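In what follows, a structure is listed as structure tokens, so that the remarks can point back to it.
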Amino acid sequence: MRRLLVLVLCAVMASTGTAAAGEQVIGGERASIKANPWAVYLTDDHGLQFCGGTIVAPTKVLTAAHCALGRAPRDLRVVAGREDKQDRGAGVTVTPADIWIHKQYVSADEGEDVAVLTLGNPLPYTPLPLAEPADRELYQPGTQLRALGWGRTSENGKTSRYLLQATLPVLPDAFCADAYPQFVRADMFCAGFEGGRIDTCQGDSGGPVVADGKLVGVTSWGEGCARRGKPGVYVRISRYAKDLHPVVGALPPGVVDP
Ligand code: ARG
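For the sequence shown, the residue numbers in mature numbering (1 follows the signal peptide of the UniProt record, and there is no 0) are -21 to -1, 1 to 237.
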């Protein structure tokens, strides 16, 4: 039941774009594209923004599986280098050449909510490296993460015109397991505040959660937005680094392929 609710929320968001998908980050602040050059958003072929993404290699954009599922590359656009959605002159808009979705993906709240879009030409923006299994400390409760996106700014509001960011502490897995019976510790983590108020929301999915110059999480799901006791749930990227390396390409410096 709860899973259905979450799915319906995300499906509504994905299919109706701005109208139903709320705003960007809730309780956040403006963020510059200069400081976060790897932050991108996805639109449909009409230019309607519905998800976020992260440049993780010159021709690779990481997003959520639920953002890419059921879409053909020609129906998708990646908008990079643009902080203000209305600033048509800024950055680039590209149609991906290929879409990879994690083979085990079923629904966001069952895990494996990752997809990679391959572009035909390299983007002129600095990629963000993935968190690796060794980055365990970045997932310790209390670690301050930064979530970014152009999603809704209130639960039923409009998506944001500008790139927004919110600082969210990692919450204990036990809190998340209490909040959501379907929470899978190995694949996900929760971040935010027990009292709500600051959170990601519809339209932020697929977008980056960063710490220490690495992509730690991908915005995935939650019940409503910014509700007390219902934090945002994020993909635990360190756990998928192994699945993602063959798709994304080069291993980050210092990581030895076992
Ligand atoms: N599934 C939503 C999307 O597709 C993200 C929801 C995040 N929810 C939250 N309460 N943090 O954009």
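Ideal Cβ positions, reconstructed from N, Cα and C, are used throughout, including at glycine. From a predicted model like this one, the values you see are computed outputs, not experimental measurements.
Minimum Cβ-Cβ distance from residue i to chain D less than 8 angstroms
i, result
"W17", "Chain labels in this structure do not include chain D; a single protein chain is all it has."
beta-carbon residue i near the ligand ARG non-hydrogen atom, thresh 7 angstroms
i, result
"T198", "yes"
"D23", "no"
"A44", "no"
"G174", "no"
"C155", "no"
"C169", "no"
"G208", "no"
"D183", "yes"
"D178", "yes"
"A47", "no"
"A87", "yes"
"G211", "yes"
"G203", "yes"
"G130", "yes"
Residue i in three-state terms, based on DSSP
i, result
"E134", "coil"
"K193", "strand"
"Y213", "strand"
"A18", "strand"
"P148", "strand"
"F172", "coil"
"P187", "strand"
"V4", "coil"
"Y219", "helix"
"C180", "coil"
"A165", "coil"
"C204", "coil"
"A10", "coil"
"D23", "strand"
"V227", "helix"
Supposed contact pair residue j and residue i - C-beta distance, whole angstroms, cut 8 angstroms
i, j, result
"F168", "G208", "About 16 angstroms; that fails the 8 angstroms criterion."
"A18", "P187", "6 angstroms"
"A43", "D92", "5 angstroms"
"A10", "L127", "6 angstroms"
"T138", "G182", "4 angstroms"
"T179", "G130", "6 angstroms"
"L124", "A170", "5 angstroms"
"A205", "R176", "5 angstroms"
"D110", "I216", "Going by the sequence as given, residue 110 is Ala instead of Asp. Yes, they are in contact, since the Cβ atoms of A110 and I216 sit about 5 angstroms apart, within 8 angstroms."
Heavy atom of the ligand SAH within 7 angstroms of residue i beta-carbon
i, result
"Q65", "As far as ligands go, the structure on display features the ligand ARG and does not contain the ligand SAH."
ask   = Curious, which full-length beta strand (DSSP E) runs of at least 3 residues does the segment 39 to 127 contain?
value = 39 to 42, 55 to 59, 71 to 73, 77 to 80 and 94 to 97
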